[in-house]
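Accompanying notes for the structure given below.
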Amino acid sequence: MEPLKVMARPVIRRMLVLGAVAALSMGLAAIAIADTSADTPGTTLGTAAARSGRYFGTAINGSKLGDPAYTTIAGREFDMVTPENEMKLDATEPRQGQFVFTSADRIVDWAVQNGKRVRGHTLVWHSGQPQWLQSLSGSALRQAMVDHINGVMAHYKGRIYAWDVVDEAFADGTGARRDSNFQRTGDDWIEVAFRAARAADPAAKLCYNDYNIENWTWAKTQGVYAMVKDFKQRGVPIDCVGFQSHFAGGSPYDANFRTTLQNFAALGVDVQITELDVQGAPAATYAAVVGDCLAVPRCDGITVWGVRDPDSWRSSDTPLLFDGDGDKKPAYTAVLDALNAAVPGPSPSPAQSPGRSCTATLSAGAKWPDRYSLRVTVTGSDDWVVTMTLPHPEKIIATWNVSATWNPARTVMTARPDGHGNTWGVTIKHHGNRTWPTVSCRAAR
Ligand code: XIL
């Protein structure tokens, strides 16, 4: 059964009407009430995904941030960013105890300046290790792992949406663990990493991330599933599972991916598609993957592993949504259309686990000739994500008592608690259209 992520549209609509009646009875200027903006198709991947409360991200390679063709597309289309290599062990701790964040900071700064959130990738991985780490073993390696998690997460505390705490810990072809220096310190290394990560930044979602776990019938999928189930049963802190989704000849997309996402979500974790690329970029496969995520309320969002084909780590496969000229490929259109086909608001399915729903209601605040404020009250959860979509041509100009990011156009905002409780506010420049925005609420954990 899918836990509930609710957008209580009827409730919001009722509140809008009540708000209008209240405003009129108070002798204030009539406010045009309409609730149509979420029905407007998104024109970028990020805004189309936001219609259903999801994100659409890309891997960003820091070395390309100086390329305007690259940043134009990345800035326009995506609202979540994963540093492709810059947060890995060798990049962030090249010498033991000496942390270097220059390259990763450039990406995080770019993301924040452009209203995007960041997935942290990755804290503990068998690959991309600096020399000093490769020569450690036993308790010294265990301690180095925890120190690394603490060092990196402290630097980015409060700024990361989700961390890939552990990447690729399972072997291909079996349900067993992959051999690695970390694995040789003992089976419990993964839960030790997750516990350390929770303590280091309680606000970040903590994910296990892997490839070849998309096909429900594969032994590796079952191995990871058993681990997550065990973690949830024993209270090991885990919030999400990332499915890399590098689809190619040896690991083709299979329609049972949806079953996999559903089954993991039913364990009580969010699921995310974290590194999507498809050999040859067939439009139908991309559309199917998007459809699978949209079918699962706890599928938070999708990240593609690069912007244009030549930016891809496997560029000869031309697996991405933009070609080398920066033009949209057929797969792009298929993805955009699939996202826009989603029912606005995170698909609520009734009669699900209690305690995971939330509702955001709007009420009128101050008004000025050129702008107005709204108060937002969240009920049902203290750990939520509210997505607000503004009708054209309105723009968000300020928020208070909330941690918010928005797209460059200032038309879609994602808001999370900042420690000031569940009532917060937003100021909107109306540019002649005083229609209130639509909001959706999702319980974060
Ligand atoms: C890849 C990068 O894309 C390459 O640039 C780098 O040389 C190697 O790593 N699984 C992961 C990612 O979790 O970190 C990998 O990224 C791709 C496979």
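811 is the number of the first residue of the sequence shown in the working numbering; add one for each residue after it.
Note that the Cβ used here is the ideal one computed from N, Cα and C, for glycine as well.
- Distances taken from the Cβ of D982 to the heavy atoms of the ligand XIL include none shorter than 6 Å.
- When C-alpha distances from M1223 are compared across R864, A1013 and W1115, the shortest belongs to R864.
- Listed as beta-bridge partners of S1061 by DSSP are A1058.
- G1116 is positioned such that its CB atom lies no closer than 7 Å to that of A859.
- Residue state for W999 is assigned as helix, using DSSP reduced to three classes.
- In the structure shown, the three-state DSSP call for P1140 is helix.
- Assignment of alpha helix (DSSP H) within the segment 1046 to 1107, counting only whole runs of 4 or more residues, yields 1067 to 1075 and 1093 to 1104 in chain order.
- A residue is called buried once 16 or more other Cβ atoms fall within 10 Å of its Cβ, and P851, having fewer, is exposed.
- Going by C-alpha positions, F888 is about 10 Å away from A921.
- Per the C-alpha coordinates, the member of T902, P1047 and G856 positioned closest to S913 is T902.
- A straight-line Cα-Cα distance of about 26 Å links D1228 and H958.
- Per DSSP, S947 lies in no beta strand (DSSP E) and is assigned neither H nor E.
- Under the DSSP assignment, W1210 falls in the beta strand (DSSP E) whose first and last residues are K1205 to W1210.
- The beta-carbon distance between I1083 and T1113, rounded to whole angstroms, is 7 Å. This is short enough to meet the 8 Å contact definition.
- Non-local beta-carbon contacts of A1013 in its own chain, meaning distances under 7 Å to residues more than five positions away in sequence, involve G968 in chain order.
- Unbroken beta strand (DSSP E) runs of no fewer than 3 residues, entirely contained in the segment 951 to 1000, are found at 972 to 977, following chain order.
- Three or more beta-carbon pairs drawn from the segment 998 to 1005 and the segment 1042 to 1059 are found closer than 8 Å, and the two stretches are therefore classed as touching.
- In the three-state reduction of the DSSP assignment, L899 falls in the helix class, which pools H, G and I.
- Between the alpha carbons of A1176 and W1234 lies a distance of about 13 Å.
- Beta-carbon to beta-carbon, T1199 and T1221 are separated by about 7 Å, close enough to satisfy the 8 Å threshold.
- Within the model, the alpha-carbon separation for T1143 versus L1131 is close to 9 Å.
- Per the coordinates, the alpha-carbon of R905 lies some 18 Å from the alpha-carbon of N991.
- In this structure, the alpha-carbon of V1249 lies about 16 Å from that of A1208.
- Going by DSSP, Y865 is part of the beta strand (DSSP E) stretching over Y865 to I870.
- With respect to the C-alpha of W1246, the residue from D1192, Y1182 and V1212 having the closest C-alpha is Y1182.
- In the displayed model, A884 falls within a helix according to three-state DSSP.
- Take G983, set aside five residues on each side of it, and no residue of its chain has a beta-carbon closer than 6 Å to its own.
- In this structure, W1194 has its beta carbon at no less than 6 Å from each heavy atom of the ligand XIL.
- Using a cutoff of 6 Å, the CB of W1123 counts as near the ligand XIL, since one of the ligand's heavy atoms is closer than that.
- Within the DSSP bridge table, the entry for A1170 names V1188 as partners.
- Per DSSP, reduced to three states, the secondary structure at L933 is strand.
- Looking at the DSSP output, G1235 sits in a beta bridge with R1185 and W1210.
- A1225 is bridged by DSSP to V1196 and A1214.
- Taking non-hydrogen atoms of the ligand XIL into account, the C-beta of D977 is found less than 6 Å away from one of them.
- Just so you know, the alpha carbons of C1251 and R861 end up roughly 12 Å apart.
- A distance criterion of 6 Å places the beta-carbon of N1022 beyond contact range of the ligand XIL, judged by its closest non-hydrogen atom.
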